[in-house]
Each structure stands twice: as structure tokens, then as C-alpha cells.
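Everything on this sheet refers to the single structure shown next.
2 protein chains.
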Amino acid sequence: MTTGTTVGDSAAADRIRRAAIEAFAESGYAGSSTRQITKRLNMSATAMYPHFRSKEDLLYAIALDGHRAVLAALRDADDPASPVLDRLTSVVSAFATWQAEFHQLARVVQYELAALTPVHYRTITAMRRDTVAVVAAIVQAGKDSGEFSVDDVDDVVLAISSLCVDVCRWFPSKIHDDPRRLGAAYGRIAQRLVR
Amino acid sequence: MTTGTTVGDSAAADRIRRAAIEAFAESGYAGSSTRQITKRLNMSATAMYPHFRSKEDLLYAIALDGHRAVLAALRDADDPASPVLDRLTSVVSAFATWQAEFHQLARVVQYELAALTPVHYRTITAMRRDTVAVVAAIVQAGKDSGEFSVDDVDDVVLAISSLCVDVCRWFPSKIHDDPRRLGAAYGRIAQRLVR
């Protein structure tokens, strides 16, 4: 899993992050202790502290890492020189594919944000705004050029973002278990939302 | 809040359910003890047992109650004698409005299902299938009559259900804080998905 780099960036920090993602995904943030997390690695709780000062610090590192990775995936998928419908399709596909591929990480990132300190929370919500802004810029560009038929840009952008984020809740299902195929289907859904 | 009736149906049981929804919403299911829940009501943990045998029993009662209420809201909103686009609009509006109005309950219901026993989980997933089936029947009817232009019924139904369910994660937001106005916006989004 390559989701970018963050604070506490070392092989040990990476192992702790992965163990924490598993623990939070299974028992929730409030239901997991740093001891339970380090125990998964046969590590003492004190061995974590050089890398992460607290459980909240660990959650923040995971959230930062996840949000950076999503934002990078969307920006990589967007070629501003392409026709606007292709841009939308490509970005939405990348968004949905990422949420499917990293659904366990994404769930932690989505559902445990309220546990962050106010300062950390503000940093993460700024990254979320940047992520939504990638989609919003494309929808607005399509509306401005007359290629998209959109009455309310905010509502269409909300629908697209919400659809992609929610993938991590249900993926995989009986119908969808291939992240790329899901991404393609969601690209077509997004096209319907703007035409 | 009227969300229907369930097991442990009395004023005391209802108060315990509400306290549990608040506790689970704040600290997660794994992060809340029955003692913490009853303490919110100045009640001893043993006073809960005539109503709910365990924390899982309480979660099941909440999930059953929530899923019954959603299903009833969708069925109430659907008039099979109406034109199929009106049916879709009405059902999706009701679905999104419910998720917005009862977002705290809905979050518990959506995110803590994995904590149910296998038997309880199966009962709840059957109710979820019935809920999705209300939407699916309308999309299929519109496709069959040629009024909807839908290539893949499953993907459109997935998108509509996912959009509505995800409302509880983010509602309220800066743009949307009125459940009925949100419902109307989502009705229009659903129309875009089938035309």
C-alpha cells in the first residue's frame, strides 16, 4: 500500500500506522488503546512514543496520510488540457477507485475525524476542501463553457463527493469487488449528473 | 423523534435507547459500556436488563427501529399509481430527508452493524435489501416503460442508495441544514441519474 509519507516516517512508524488502522477499523478509535495497537506488533506501548506521542497523534498521521493520498490521486488524474467531460470522468474514477482500494484506511479516515484535536481537525478539513475543490473546478468549468447542464454546482459537487466517499463504507459488495471497474462505473454516473 | 416501535417497547426502554444512541454516536459502540449508557440516565446498569439483555441487544433494538423507520418512510412516499419519475423523486426525497433528520441515529445504525451477532446482522441486512428494493423496483419500472434511460439498473440503484445513506455522515453542512430542502435537492439529483 503506497499512500504517501507523513510524520513519523520510518519503517517502524509505518508498521505502527498499519496496526492502528486495523485496530481502529475493528474496534473504533475510542475502543482501541495504544497498548492494543502495539501488542499487535509484539511491541511495548513505550516503543511507540518516539514515533507518535499519543493515540490522537497516530490518528492524525493516518488521516494526514490518507487525505494527502486522495488529493494526489485526484490531481494526478486531472489533465486540465483534456475536454471537461473526460476530466470529470477521470477524476471521479480515480476518487472512487482510491476509496475502494484503501477502504479500510478510508473508513478510519472518514469516521473518526471527530476524535482529532481542533488544530489537527482544521488541517484535515482544509485538505478535504482542496479535494472537493478539484471536482468543483471541473464542474464549474463545464458549466461555464456550456458543456455541462448544471443548475446547482454545489449540489452536484456534493453528490459526486458523497458518492465517492461512501464507497469505503460498503466496498466490496456482491456486484462490485474490483476497484477499477467500480471507478469506471462511477465515472459514468458522474457523467449523468452533469448532462 | 418517532422512529417506530421495537423490542423493549416502553418509556424506560425508549429512554435507554436514546441514551445509547448518544453514547454510540460520541464514543462508538466499542467505546461505550452499558454502565456509561445507564449513567446518563442516573440509572444502575442492572436496571437496563429487564429491557435489554446486553449492549448488543440494545444496538440491535436501535438498528431494528432505525431500519423499520426508513423502510416505512420509503413505502409511505411511494404511490405506485403515480408516474414513475414522480415516484422516484418522492422516494429519494423521503430517503434523504430521513437520513438528515435522524442523522445521529442513522450514523450508529450505518457504522456499527459489524458489532451485531450473525443472526441479528442477517435480520438487519434483509431489511436493508427490502429498502433498496423499493428504489430498485421504481428504477426497473422506469427502464421497462422506456421512461428512464438506464444502462445498468444495479449501478444507478447503488448510486441512489449510497447518496442517501451518506447524508447521515456529513449532515448538516454549511450548504444544507434543512432536511426537507436537502430531500428536494436529492430528488432532482436522482432524476438526473435516470434521464
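Residue numbers (numbering that gives the first Met the number 0), protein chains in the order written: chain X, 0 to 194; chain Z, 0 to 194.
Note that the Cβ used here is the ideal one computed from N, Cα and C, for glycine as well.
Tell me which residue opens and which closes the alpha helix (DSSP H) that residue i is part of.
i, result
"X:I61", "54-76"
"Z:S161", "152-169"
"X:D176", "X:D176 -> no alpha helix (DSSP H), and no H or E assigned at all."
So what's residue i in DSSP terms, helix, strand or just coil?
i, result
"Z:T1", "Caution is warranted here: a pLDDT of 41 is assigned to Z:T1, below 50, making its placement in the model unreliable, and no coordinate value can be reported."
"X:H50", "coil"
"Z:V149", "coil"
"Z:T124", "helix"
"Z:T88", "helix"
"Z:E100", "helix"
"X:T130", "helix"
"Z:V6", "The predicted model places Z:V6 with a pLDDT of 49, which falls under 50 and marks its position as unreliable, so this point remains unresolved."
"X:R194", "coil"
"X:G80", "Here the sequence assigns Ala to residue 80 of chain X, which means Gly is not the residue at that position. Correct three-state label for X:A80: coil."
"Z:S144", "helix"
"X:L181", "helix"
"Z:L115", "coil"
Quiz item: Going along the chain, which residues of the segment 98-109 of chain Z sit with their C-beta nearer than 8 angstroms to a C-beta in chain X?
Solution: Q109
Quiz item: Can you give, in chain order, each stretch of the beta strand (DSSP E) that sits fully within the segment 11-52 of chain Z and has at least 3 residues?
Solution: none
Quiz prompt | chain X contacts made by the segment 48-64 of chain Z, where a contact means CB separation under 7 angstroms | solution = none
Quiz prompt | Contact list for the segment 21-44 of chain X against chain Z, Cβ threshold 9 angstroms | solution = E25, S26, G27, Y28, A29, G30, S31
Exercise. Could you please tell me which residues of the segment 162-180 of chain X, in chain order, have their CB closer than 9 angstroms to any CB of chain Z?
Key: Flagged, chain order: L162, V164, D165, V166, R168, W169, S172, I174, H175.
Quiz item: What residues in the segment 76-87 of chain X bring their beta carbon closer than 9 angstroms to a beta carbon of chain Z?
Solution: none
Exercise. Compile a chain-ordered list of the residues in the segment 180-193 of chain Z whose CB is closer than 7 angstroms to at least one CB of chain X.
Key: A184, I188, R191, L192
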